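Colleague: The structure's right below; bear with me while I get my questions together.
Numbering (our numbering), first residue to last: 20 to 304.
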């Protein structure tokens with residue numbers, strides 16, 4: 020258990036470092052904006068510097084923006100997810116202040132692409148281990164649960180607002196390059212993690228009751244248990260069938276490994292569902 024949590028923290032810190040490198044080495048000086056609260060912090064920092072001659076670091080603004088969101092996420096999303104998101108944002112802030120603000124290239128397209136790739140890798144590996152870079156991830160998750168709509172819609176709306184303001188306050192060309200960076204970031208996240216908001220897990224196990232109890236101890240998700248038999252061994256087993264969100268995938272993998280390391284699990288994309296899927300404020304009956 021300790022090793023798993025230590026690995027999780029190390030990966031989250033690595034993701035934070037990559038995000039900071041993406042911002043300080045590629046995006047900030049090129050006036051190309053990252054996705055989510057990092058991009059919002061960039062934009063506000065630029066406005067304060069250019070319009071009011073007030074210098075406030077992007078990392079400091081990112082931390083300030085996230086404080087109320089973390090409080091909301093603690094109660095609405097989950098304590099574990101929020102704690103690791105706090106760790107992620109804290110280290111992004113530290114790395115943004117420590118790393119020099121420089122430009123490795125004067126080509127705005129190269130800055131947009133490489134900044135988008137590094138940012139996508141940083142976010143992707145954090146999401147893969149059940150954390151986030153804070154801010155917009157948490158806001159989008161809360162809005163998705165309240166409205167029962169895909170998280171991607173809210174990412175698109177929130178990032179769209181960022182792009183519009185970037186185009187109004189600065190050159191429209193910079194807004195277009197921001198769109199390139201956001202597209203690259205999203206594509207990389209999809210490759211590392213999963214592009215689907217919901218996935219279906221089919222778990223073949225010899226310990227269905229223990230595994231069901233372990234899953235329900237940490238997740239409020241319906242589980243269907245079906246009889247199964249090994250074609251070669253003829254051994255009687257059970258299959259647990261459960262639909263989860265992509266943010267719960269890491270926790271499910273950990274639960275399975277701790278409860279029944281011999282279980283076989285198949286994860287498949289879920290394009291859509293009909294019927295009951297728990298939303299905010301609802302309980303299983």
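Built from N, CA and C at the ideal position, the CB exists for glycine as well. Treat the numbers as computed from the prediction; the structure is a model and nothing was measured.
1) Which same chain residues, not among the five before or five after residue 51, have their C-beta less than 7 Å away from its C-beta?
2) Please report how far the alpha carbon of residue 230 lies from the alpha carbon of residue 275, in whole angstroms.
3) Suppose the cutoff is 6 Å on Cβ atoms and the five residues either side in sequence are ignored; what does the same chain contact list for residue 73 look like?
4) Counting C-beta neighbours from all protein chains within 10 Å, is the total for residue 243 16 or more, i.e. buried, or is it exposed?
5) Tell me whether the beta-carbon of residue 107 lies closer than 8 Å to the beta-carbon of residue 64.
6) Go to residue 56, then tell me how far its alpha helix (DSSP H) extends in each direction, as first and last residue.
7) Can you tell which of 138, 180, 257 has the C-alpha that lies nearest to the C-alpha of residue 245?
8) Can you tell me where the beta strand (DSSP E) holding residue 49 begins and where it ends?
9) Taking residue 138 as the reference, which of 185, 118, 86, 58 has the closest Cα?
10) According to DSSP, is residue 260 part of a helix, a strand, or is it coil?
11) What do you reckon, are the CB atoms on residue 115 and residue 78 nearer than 8 Å?
12) Are residue 40 and residue 142 close, meaning C-beta to C-beta below 8 Å?
13) If you reduce the DSSP assignment to three classes, tell me which class residue 304 lands in.
14) Have a look at the DSSP bridge pairing and note the partners of residue 157.
15) Restricting to Cα atoms, I'd like to know which of 187, 234, 140, 181 is closest to residue 206.
16) Do you know how far the Cα of residue 26 is from the Cα of residue 103?
17) With which residues is residue 245 paired in a DSSP beta bridge?
18) Residue 121: buried (16+ other C-beta within 10 angstroms of its C-beta) or exposed?
19) Hey, could you find the ends of the alpha helix (DSSP H) residue 278 is sitting in?
20) With distances taken from CA atoms, which of 55, 38, 263 is nearest residue 157?
21) Within the continuous alpha helix (DSSP H) that includes residue 204, where are the two ends?
22) Return the first residue and the last residue of the beta strand (DSSP E) that residue 226 is part of.
23) At which residues does the beta strand (DSSP E) containing residue 285 begin and terminate?
24) Just to confirm, are residue 219 and residue 262 a CB contact at a threshold of 8 Å?
25) Could you tell me which residues DSSP puts in a beta bridge with residue 217?
26) Would you mind sorting residue 301 into buried or exposed? The rule is 16 or more other CB atoms within 10 Å of its CB.
27) With 16 other CB atoms within 10 Å as the buried threshold, where does residue 155 fall?
28) According to the neighbour-count rule (16 or more other Cβ atoms, all chains shown, within 10 Å of its Cβ), is residue 183 buried or exposed?
29) Going by the DSSP bridge assignment, what does residue 29 pair with across the sheet?
Modeller: Taking the structure as given:
1) 127, 130, 131, 134, 193, 196, 197, 200
2) 7 Å
3) 67
4) exposed
5) no
6) 55 to 71
7) 257
8) From DSSP, residue 49 is part of no beta strand (DSSP E); its letter is neither H nor E.
9) 58
10) strand
11) yes
12) no
13) With a pLDDT of 40 at residue 304, under the threshold of 50, the modelled position of this residue cannot be trusted; read the value that follows with caution. Residue 304: coil per DSSP, three-state reduction.
14) None; residue 157 has no bridge partner.
15) 140
16) 12 Å
17) 258
18) exposed
19) 268 to 278
20) 55
21) 191 to 211
22) No beta strand (DSSP E) contains residue 226, which DSSP labels as neither H nor E.
23) 283 to 289
24) yes
25) 264, 289
26) Because residue 301 carries a pLDDT of 46, less than 50, the predicted location of this residue cannot be relied on, and the following value inherits that uncertainty. Exposed is the call here.
27) buried
28) exposed
29) None; residue 29 has no bridge partner.
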